[in-house]
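Numbering (the UniProt record's numbering), first residue to last: 1 to 148.
In what follows, a single structure is set out as structure tokens and then discussed.
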């Protein structure tokens, strides 16, 4: 991936208000791959201490969108068409790591798999959720000009 494209993606991620709220950090980026790490905060946890489903679903959506964008050589804008999350294990840990990988990079539709891991302070990873996300590329240059 070109340095300029990588810088565009990281700059865009840095402007995301929800990712700022989450204290999210990009911990992996390559063509068709995007990884986000989030430390646990009180609003992300259920009373029993595990991460809640809405935090996991948000990470799935954001990581998938950036994985899709990273598979395109030019600036692109995506919207989520379908998002399916399977919650597999309680998300018990001190941080979440979402690892999104493009599995089909089409002209208009892109399909991404995103796995979310709960990680303890000792480094033990548990697969908390897996997902399949379909994205639609609206426009290569600007989000206000949708494909008709």
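Glycine is no exception: its CB is placed at the ideal position from the N, C-alpha and C atoms.
Asked, Found
"Check: residue 95 C-beta below 7 Å from any heavy atom of the ligand NAD", "In terms of ligand content, the structure shown is empty, and the ligand NAD therefore cannot be addressed."
"Residue 93, buried or exposed, once every other Cβ within 10 Å from all chains shown has been counted against 16", "buried"
"Beta-carbon proximity list for residue 50, same chain, < 6 Å, skipping 5 on both sides", "90, 91 and 92"
"According to DSSP, residues forming a beta bridge with residue 114", "100 and 131"
"Through-space distance from residue 137 to residue 66, alpha-carbon basis", "12 Å"
"The stretch 101-109 / the stretch 20-30 touching (three or more Cβ pairs under 8 Å)", "no"
"C-alpha distance - residue 34 paired with residue 2, whole-angstrom precision", "15 Å"
"Reference residue 120; option with closest CA among 40, 72 and 28", "40"
"Residue 56, enclosing alpha helix (DSSP H) - first and last residue", "53-70"
"Residue nearest to residue 45 in terms of C-alpha spacing, selected from 122, 118, 106 and 125", "118"
"Residue 12 - DSSP class collapsed to helix/strand/coil", "helix"
"C-alpha distance - residue 110 paired with residue 4, whole-angstrom precision", "22 Å"
"Enclosing beta strand (DSSP E) for residue 36 [first to last residue]", "33-39"
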